[in-house]
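Enquirer: Mapping of the sequence shown onto our numbering: residues 867 to 1170, in sequence order.
In this text, a Cβ means the ideal position worked out from N, Cα and C, and glycines have one as well.
Right, I'll just put the structure down here and ask away after.
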Amino acid sequence: MLVFVVRRLLSVVAVLVGAATLVFTVFYVLRPELIVDGTGYPHQLLHFLERAFLHADLGRSGDRRLGTQPVMGLLRDAFPADLSLVIGGLVVGTALGIALGASAQRHRGSLAGRGLDLFAAFGMSAPVYWVGLMTVHFFHPQVGRIAHLPISKPNSYVPLTSDPLAWLQSLWLPWVVLGLPLAAITMRMMRASLAETLEEDFVRTARGKGLTTRRVMRRHAVPAASVPVISLVGVSMGTVITNAILIEYTFSVPGMFSLMTQALANVDLPLIEGVAIAGALLVVVANLLADLVHAWLDPRVRTA
867 MLVFVVRRLL SVVAVLVGAA TLVFTVFYVL RPELIVDGTG YPHQLLHFLE
917 RAFLHADLGR SGDRRLGTQP VMGLLRDAFP ADLSLVIGGL VVGTALGIAL
967 GASAQRHRGS LAGRGLDLFA AFGMSAPVYW VGLMTVHFFH PQVGRIAHLP
1017 ISKPNSYVPL TSDPLAWLQS LWLPWVVLGL PLAAITMRMM RASLAETLEE
1067 DFVRTARGKG LTTRRVMRRH AVPAASVPVI SLVGVSMGTV ITNAILIEYT
1117 FSVPGMFSLM TQALANVDLP LIEGVAIAGA LLVVVANLLA DLVHAWLDPR
1167 VRTA
């Protein structure tokens, strides 16, 4: 497992360097007047990568409203909010999808099973920003038309280090909204995978030894059926990040993507590059977590 983790960490570094190179190259081609300093492209690229990865220096923002603050400082302040949002949405969506998929397989053909199919169809088709707006419209403390959820404080993000309880209250509703599409697609995958797993010989052997259906499902069938689901979660990371941007605006989460609009309006190249690299970091970190869980559930991944 240690060798697997080290190999995946090295691949994370390679992906980040590749993403930074791509971002720099795009801006070099489209807006060379913003970068050219008298030296050639290879020298400027190497200088940029050296500053970014060896000295944690992404330059200074030129936004008039932000002043000439270091880009790394702006990202350092905003990145934890996005990381909390994305990781929480992944955990909620994956856990909910696996649980509902197991329940859908158990109640296949019944009224409850049809209800879960309807949930999956809604989760995959409803735009996440619309779900977020409707959630705010109905449950926000100031504008809620149905009821105010006393354990939820949307649009009032608090850092984890300041107040863990307030942090949880401010994010659990965005987590649910962000995790809804992921839960819908993983539920369908889980149900199909579980249907195949229940026909495997090791499940029949467990049943033949006298284990209860609940124990067979919990200890044997569900972990084995979850392996392709975790792979699906990793593949869906691009969509999760895109939805996180919309959720960030909907629930006023002060993340780094809120910096992108003003950076684009002011052609703030260092800040745009910094947000793009930080977004790539979110994707590779989430994929790394998915790979680690995959390797933990399936030893064949570690020894491949």
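Does DSSP put Arg-926 in a helix, a strand or coil?
Expert: Locating residue 926 in the sequence shown gives position 60, where the first residue counts as 1. Three-state DSSP puts Arg-926 in a strand.
Enquirer: How many whole angstroms separate the CB atoms of Leu-882 and Ile-1143, which I take to be in contact at a CB cut-off of 8 Å?
Expert: Along the sequence shown, read from residue 1 onward, the residue named residue 882 stands at position 16. Along the sequence shown, read from residue 1 onward, the residue named residue 1143 stands at position 277. Indeed they touch by this definition, with Cβ atoms about 7 Å apart.
Enquirer: Quick one: give me the first and last residue of the alpha helix (DSSP H) that Asp-948 is part of.
Expert: Residue 948 sits at position 82 when you count from the first residue of the sequence shown. From DSSP, the alpha helix (DSSP H) with Asp-948 extends over 937-972.
Enquirer: Residue range of the alpha helix (DSSP H) that Ala-1144 falls in?
Expert: If you number the sequence shown from 1, residue 1144 lands on position 278. That run of the alpha helix (DSSP H) goes 1135-1163.
Enquirer: Between the C-alpha atoms of Phe-985 and Arg-974, what's the straight-line distance to the nearest angstrom?
Expert: Taking the sequence shown and counting its residues from 1, the one referred to as residue 985 is at position 119. Taking the sequence shown and counting its residues from 1, the one referred to as residue 974 is at position 108. So the two alpha carbons sit approximately 14 Å from each other.
Enquirer: Apply the 10 Å Cβ neighbour rule to Pro-898 and answer buried if 16 or more other Cβ atoms are within range, or exposed otherwise.
Expert: Residue mapping note: residue 898 aligns to position 32 of the sequence shown, counting from 1. Classification for Pro-898: exposed.
Enquirer: Can you round the beta-carbon distance between Leu-1046 and Gly-989 to whole angstroms, since I take them to be within the 8 Å contact cut?
Expert: Reading the sequence shown from its first residue, position 180 is the one you call residue 1046. Reading the sequence shown from its first residue, position 123 is the one you call residue 989. With 8 Å as the limit, Leu-1046 and Gly-989 qualify as a contact, their Cβ atoms being about 5 Å apart.
Enquirer: Taking the alpha-carbon positions, what's the Val-879 to Val-872 distance?
Expert: The sequence position of residue 879 within the sequence shown is 13, counting from 1. The sequence position of residue 872 within the sequence shown is 6, counting from 1. Cα to Cα, the separation comes out at about 11 Å.
Enquirer: When you compare each of Ser-1028, Gly-959 and Glu-1062 to Pro-1040 by their alpha carbons, which one comes out closest?
Expert: Residue mapping note: residue 1040 aligns to position 174 of the sequence shown, counting from 1. Checking every option, the nearest Cα to that of Pro-1040 belongs to Gly-959.
Enquirer: If the criterion is Cβ atoms closer than 8 Å, does the pair Val-1141 and Ala-1129 meet it?
Expert: Within the sequence shown, residue 1141 is the residue found at index 275, counting from 1. Within the sequence shown, residue 1129 is the residue found at index 263, counting from 1. Going by C-beta atoms, Val-1141 is nearer than 8 Å to Ala-1129.
Enquirer: Please list the terminal residues of the continuous alpha helix (DSSP H) segment that includes Asp-1029.
Expert: Here residue 1029 corresponds to residue number 163 of the sequence shown, with the count starting at 1. Counting along the chain, Asp-1029 falls outside any alpha helix (DSSP H), and DSSP gives it neither H nor E.
Enquirer: Need the endpoints of the alpha helix (DSSP H) that Leu-882 sits in, please.
Expert: For the purposes of this step, residue 882 is identified with residue 16 of the sequence shown, where counting begins at 1. That run of the alpha helix (DSSP H) goes 868-896.
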